[in-house]
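Presented below is the structure to which this report refers.
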Amino acid sequence: AQSVTQLGSHVSVSEGALVLLRCNYSSSVPPYLFWYVQYPNQGLQLLLKYTTGATLVKGINGFEAEFKKSETSFHLTKPSAHMSDAAEYFCAVSEGSGGGADGLTFGKGTHLIIQP
Amino acid sequence: DVKVTQSSRYLVKRTGEKVFLECVQDMDHENMFWYRQDPGLGLRLIYFSYDVKMKEKGDIPEGYSVSREKKERFSLILESASTNQTSMYLCASSIYRGVNQPQHFGDGTRLSIL
Numbered sequence: 001a002q003s004v005t006q007l008g009s010h011v012s013v014s015e016g017a018l019v020l021l022r023c024n025y026s027s028s029v030p031p032y033l034f035w036y037v038q039y040p041n042q043g044l045q046l047l048l049k050y051t052t053g054a055t056l057v058k059g060i061n062g063f064e065a066e067f068k069k070s071e072t073s074f075h076l077t078k079p080s081a082h083m084s085d086a087a088e089y090f091c092a093v094s095e096g097s098g099g100g101a102d103g104l105t106f107g108k109g110t111h112l113i114i115q116p
Numbered sequence: 001d002v003k004v005t006q007s008s009r010y011l012v013k014r015t016g017e018k019v020f021l022e023c024v025q026d027m028d029h030e031n032m033f034w035y036r037q038d039p040g041l042g043l044r045l046i047y048f049s050y051d052v053k054m055k056e057k058g059d060i061p062e063g064y065s066v067s068r069e070k071k072e073r074f075s076l077i078l079e080s081a082s083t084n085q086t087s088m089y090l091c092a093s094s095i096y097r098g099v100n101q102p103q104h105f106g107d108g109t110r111l112s113i114l
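Quick mapping for you: the protein sequence lines, in order, are chains X and D. If you count the first sequence from 1, position 28 lands on 28 in the working numbering, and the numbers rise without skipping. If you count the second sequence from 1, position 31 lands on 31 in the working numbering, and the numbers rise without skipping.
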């Protein structure tokens, strides 16, 4: 069974500082990995996804993530935090089986706080 | 842009009522999903559907059922609402069964059961 662990339910950084949100997964097959962002009172918006190929994935709003198979990690980074980045971030994994469930397994989320 | 619309943003119901949450997507997507979101627990999959009249149980289907009579519409039904079903409910859709297809989410329905 697949699972996702997000380290830190809350992460606080100063505006302009590096953002690092950690995600580790477990999967019995090569995974497909996603990061979603949720702003207050809204649904989830896709930031980026890893399927196959290049392990460094670039997403929207200046975010990127690197798939490291040896570490079973998919950490999300942004070089310089902006106040508008304050939100809840979710890492998700999908294994699939060429016809199996496409439902995602989500981590519990990390609330990103940006200090002025 | 894909539009996933949930019929209500906020809903208050009483224990024992039968509750319907409606979701409509406008992009002819095959897959539709219902999740519930609780603080500290993230999102958990309740049910999903690959096609009209098809449904599959997710991780926490107990106390819920679903209906998909038309491709664009996926309804979540609480047969007899209980207070532990107070939660945020999120509907999502994706284009087809490929596992690398992202899901598109609605804005959620915050349901309170009194």
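Every residue, glycine too, gets a C-beta built ideally from N, C-alpha and C. Quantities reported herein were computed from a predicted structural model and do not represent experimental measurements.
Quick one: residues in its chain with C-beta nearer than 6 Å to the C-beta of residue i, no 5 flanking neighbours on either side, listed in chain order?
{"i": "D:V66", "result": "Y47, K55, L76"}
{"i": "D:F33", "result": "F48, A92"}
{"i": "D:I95", "result": "H29, Q101"}
{"i": "X:S14", "result": "Q115"}
{"i": "D:K13", "result": "V19, A81, I113"}
{"i": "X:V29", "result": "E95"}
{"i": "X:G109", "result": "E88, F90"}
{"i": "X:S3", "result": "S26"}
{"i": "D:S7", "result": "E22"}
Return the chain-ordered list of same chain residues with a C-beta closer than 7 Å to the C-beta of residue i, the five sequence neighbours on each side being excluded.
{"i": "D:R44", "result": "Y35, R36, D59, I60"}
{"i": "X:A101", "result": "The pLDDT assigned to X:A101 is 47, lower than 50, so where the model puts this residue is not dependable; a value taken from the coordinates is nonetheless given after this. Here the set comprises nothing."}
{"i": "X:L46", "result": "F34, Y36"}
{"i": "D:L90", "result": "Y35, Q37, L43, F105, G106, G108"}
{"i": "D:V24", "result": "T5, E72, R73"}
Using the Cβ count rule (16 or more neighbours within 10 Å means buried), how would you classify residue i?
{"i": "D:K18", "result": "exposed"}
{"i": "X:S70", "result": "exposed"}
{"i": "D:N119", "result": "Residue 119 of chain D falls outside the range modelled here, since chain D spans only 1 to 114, and no answer is possible."}
{"i": "X:Y32", "result": "buried"}
{"i": "X:K78", "result": "buried"}
{"i": "D:Y10", "result": "exposed"}
{"i": "D:S87", "result": "buried"}
{"i": "D:L111", "result": "buried"}
{"i": "X:H10", "result": "exposed"}
List the residues that DSSP assigns as beta-bridge partners of residue i.
{"i": "X:H10", "result": "X:H111"}
{"i": "D:Y89", "result": "D:R36, D:T109"}
{"i": "D:Y47", "result": "D:W34, D:K57"}
{"i": "D:G42", "result": "D:D38"}
{"i": "D:K3", "result": "The partner list for D:K3 (beta bridge, DSSP) is empty, contrary to what the question assumes."}
{"i": "X:K69", "result": "For X:K69, which the question treats as bridged, DSSP gives no partner whatsoever."}
### Query
For the segment 45 to 68 of chain X, which residues have a CB atom closer than 7 Å to at least one CB atom of chain D, in sequence order?
Within the segment 45 to 68 of chain X, the residues whose Cβ lies closer than 7 Å to some Cβ of chain D are L46, K49, T51, listed in chain order.
### Task
Pull out every residue of the segment 105 to 116 of chain X whose Cβ sits closer than 7 Å to any Cβ of chain D, in chain order.
Listed in sequence order: F106, G107, K108, G109.
### Query
According to a CB-to-CB cut-off of less than 9 Å, which residues of the segment 26 to 46 of chain D neighbour chain X?
Cβ contacts with chain X: N31, F33, Y35, Q37, P39, G40, L41, G42, L43, R44, L45.
### Task
Scan the segment 48 to 62 of chain D for residues whose Cβ lies nearer than 9 Å to a Cβ of chain X and list them as they occur along the chain.
Those would be F48, Y50, E56, G58, D59, in chain order.
### Message
Along the segment 21 to 42 of chain X, where does the CB come closer than 7 Å to a CB of chain D? Name the residues.
### Response
The residues in question are Y32, F34, Q42.
### Query
Using Cβ-Cβ distances below 9 Å, what residues of the segment 98 to 113 of chain D are close to chain X?
Against chain X - using a Cβ distance shorter than 9 Å - the residues of the segment 98 to 113 of chain D are G98, V99, N100, Q101, P102, Q103, H104, F105, G106, D107, G108, R110.
### Query
If you measure beta-carbon to beta-carbon, which residues of the segment 76 to 93 of chain D are closer than 9 Å to chain X?
So the close ones are L90, C91, A92.
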